[in-house]
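**Q** When we follow my numbering, the leftmost residue of the sequence shown carries the number 1350, and every step to the right adds one.
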Amino acid sequence: MSEDKRKEARKRADRLRAEFKEKNKPLDWFEALYQEADGDPELIPWGGDIGAGSLGKESLKAQNSTKQNSTFHNPWAHGQARLPLLEWLDRDEQKEWLKAPNSKRLALDVGCGLGHNAVALHKAGYQVTAFDISETAVKWAARNAGQFPIEWEAQNLLKMPEGWSQRFDLVSETFTIQALYGEERELAIKALTKLVSPKGKLLIICRGRRDDEIPKTPPLPLMPSELDKIEDYGFVSTFRKEYLDNKTPANLHFVAEFTAESDKE
Ligand SMILES: C[S@@+](CC[C@H](N)C(=O)[O-])C[C@H]1O[C@@H](n2cnc3c(N)ncnc32)[C@H](O)[C@@H]1O
1350 MSEDKRKEAR KRADRLRAEF KEKNKPLDWF EALYQEADGD PELIPWGGDI GAGSLGKESL
1410 KAQNSTKQNS TFHNPWAHGQ ARLPLLEWLD RDEQKEWLKA PNSKRLALDV GCGLGHNAVA
1470 LHKAGYQVTA FDISETAVKW AARNAGQFPI EWEAQNLLKM PEGWSQRFDL VSETFTIQAL
1530 YGEERELAIK ALTKLVSPKG KLLIICRGRR DDEIPKTPPL PLMPSELDKI EDYGFVSTFR
1590 KEYLDNKTPA NLHFVAEFTA ESDKE
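#1: Using CA atoms only, rank isn't needed, just tell me which of E1500, K1539, I1393 and F1603 is closest to K1508.
#2: Determine, using beta carbons only, whether V1487 and A1456 come nearer to each other than 8 angstroms.
#3: Count the other C-beta atoms from every protein chain shown that fall within 10 angstroms of the C-beta of T1587, then say buried if there are 16 or more, exposed otherwise.
#4: I want to check one thing, is the minimum distance from the CB of F1517 to the heavy atoms of ligand 1 below 7 angstroms?
#5: Excluding sequence positions up to five away, which residues of its chain have a Cβ less than 8 angstroms from the Cβ of N1505?
#6: Which whole-angstrom value describes the C-beta separation of L1432 and A1473, a residue pair presumed to lie in contact below a C-beta threshold of 8 angstroms?
#7: Does DSSP put P1547 in a helix, a strand or coil?
#8: Report yes if the C-beta of R1359 is less than 7 angstroms from at least one heavy atom of ligand 1; otherwise report no.
#9: With respect to the alpha helix (DSSP H) encompassing E1371, which residues constitute its N-terminal and C-terminal limits?
#10: Near H1471, which residues of its chain fall below 6 angstroms by C-beta distance, leaving aside the five closest residues on each side in sequence?
#11: Using the Cα positions of C1461 and A1490, report the straight-line distance between them to the nearest angstrom.
#12: What I want to know is whether the C-beta of D1389 ends up closer than 7 angstroms to one or more non-hydrogen atoms of ligand 1.
#13: Our contact map puts K1354 next to L1392 with C-beta atoms below 8 angstroms; I'd like the distance itself, whole angstroms only.
#14: If you draw a straight line from the C-alpha of P1567 to the C-alpha of P1598, how long is it?
#15: Might you give, ordered along the chain, the residues of its own chain that have their beta carbon closer than 8 angstroms to the beta carbon of R1558, omitting 5 neighbours on each side?
#16: On the premise that A1494 lies in contact with A1615, defined as a C-beta separation below 8 angstroms, what is that separation, rounded to the nearest angstrom?
#17: Please classify S1611 as buried or exposed, where buried requires at least 16 neighbouring CB atoms within 10 angstroms.
#18: Mapping the DSSP letters down to three states, classify I1499 as helix, strand or coil.
#19: Is C1461 near ligand 1, judged by its Cβ being under 7 angstroms from some heavy atom?
#20: Are the CB atoms of L1434 and S1514 within a distance shorter than 8 angstroms?
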């Protein structure tokens, strides 16, 4: 992505976020942004080139050397799955867990955007449903990744279909909660926990900040205390990792995996 396009994409996002906040419709700017981009992924700030949410040099080297990722790149002119997700999927514990049952594990990709992470989950071996609040994004993702048997849906995390309650072995969210504020954010975290099956996993990959740190610009990185609260919904924290990306100054990221207790509500 060129630096000019990147700046333009951020400016559009800032303008639309403010415009819809003013209208008291804080979730509607996502659809407006995808519509305005008119099929150009470079006008989506999280369209996903190496700079967007990518990590340090060592990790990039690992990324470039994974077979999964090099094949994954082919159908996309721009964008890629989030590296922390690829690394998490590549962990031995994860691979063991994935192949334990006879049938395929069901994964839900929350706020799927242009679909890169959903494709990575599919390639790792999950049966994937991916959704986004933006109908335009979902159609775009489905078009881009049409060769993969992924179910794409336009849905709002805050109004999940009843049939999705406790349905998914893995609920994976990357960079979505951090885009939400106030009441929507709290409700969204709670909504994520409802989707996970007993003994299933919730994976959160996000920008992070220390509890006493005041963020300057959107997104609003998650605090460890926000992640810790997830245990109150019947989960145990089973993996936590911190990353710094390769920007100056570097941004902190968290990868947080929680496992649902067998009797969670
Ligand atoms: C910052 S983007 C991240 C996209 C993608 N997960 C990634 O890693 O690149 C946040 C995404 O969440 C979607 N989103 C925001 N609020 C949502 C909600 N309440 N329900 C479903 N999707 C939502 C937005 O439309 C956007 O595509």
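Cβ coordinates follow ideal geometry from the N, Cα and C atoms, glycine included.
**A** According to the structure shown:
#1: Numbered from its first residue, the sequence shown carries residue 1508 at position 159. Taking only the C-alpha atoms, the option nearest K1508 is K1539.
#2: In the sequence shown, residue 1487 corresponds to position 138, counting from 1. In the sequence shown, residue 1456 corresponds to position 107, counting from 1. No. Outside cutoff.
#3: If you number the sequence shown from 1, residue 1587 lands on position 238. Exposed.
#4: If you number the sequence shown from 1, residue 1517 lands on position 168. Within 7 angstroms of the C-beta of F1517 there is not a single heavy atom belonging to ligand 1.
#5: Numbered from its first residue, the sequence shown carries residue 1505 at position 156. So the list reads L1376 and I1482, once near-sequence residues are dropped.
#6: Looking up residue 1432 in the sequence shown gives position 83. Looking up residue 1473 in the sequence shown gives position 124. Incorrect: roughly 14 angstroms between the Cβ atoms, too far for contact.
#7: Along the sequence shown, read from residue 1 onward, the residue named residue 1547 stands at position 198. Of the three classes helix, strand and coil, the one that applies to P1547 here is strand, per DSSP.
#8: Taking the first residue of the sequence shown as 1, we reach residue 1359 at position 10. No; taking the cut-off as 7 angstroms, the Cβ of R1359 has no heavy atom of ligand 1 nearer than that.
#9: As a first step, residue 1371 is located in the sequence shown; it is residue number 22 there, counting from the start. Counting along the chain, the alpha helix (DSSP H) containing E1371 begins and ends at E1352 to E1371.
#10: Here residue 1471 corresponds to residue number 122 of the sequence shown, with the count starting at 1. Taken in chain order, the residues that qualify are V1477, F1497 and I1499.
#11: On the sequence shown, residue 1461 is found 112 positions in, with the first residue counted as 1. On the sequence shown, residue 1490 is found 141 positions in, with the first residue counted as 1. Cα-Cα distance, rounded: 8 angstroms.
#12: Position 40 of the sequence shown holds residue 1389. For ligand 1, not one heavy atom lies less than 7 angstroms from the Cβ of D1389.
#13: Counted from its first residue, the sequence shown places residue 1354 at position 5. Counted from its first residue, the sequence shown places residue 1392 at position 43. Sure, about 7 angstroms apart at Cβ, within 8 angstroms.
#14: For the purposes of this step, residue 1567 is taken as the residue at position 218 of the sequence shown. For the purposes of this step, residue 1598 is taken as the residue at position 249 of the sequence shown. Approximately 15 angstroms, taken between the alpha carbons.
#15: Along the sequence shown, read from residue 1 onward, the residue named residue 1558 stands at position 209. Beyond the five residues adjoining it in sequence on each side, R1558 comes within less than 8 angstroms, by CB distance, of P1564, P1570, L1571, M1572 and L1601 in the same chain, given in chain order.
#16: This structure cannot settle anything about residue 1615, because the visible part of the chain is limited to 1350 through 1614.
#17: Numbered from its first residue, the sequence shown carries residue 1611 at position 262. S1611 should be labelled exposed.
#18: As a position in the sequence shown, residue 1499 is number 150, starting the count at 1. The three-state reading of DSSP puts I1499 in coil, since its state is none of H, G, I, E or B.
#19: Taking the first residue of the sequence shown as position 1, residue 1461 is located at position 112. Because some heavy atom of ligand 1 lies under 7 angstroms away, the Cβ of C1461 counts as near it: yes.
#20: In the sequence shown, the residue the question calls residue 1514 occupies position 165. In the sequence shown, the residue the question calls residue 1434 occupies position 85. Between S1514 and L1434, the C-beta gap is not smaller than 8 angstroms, which leaves the two residues out of contact.
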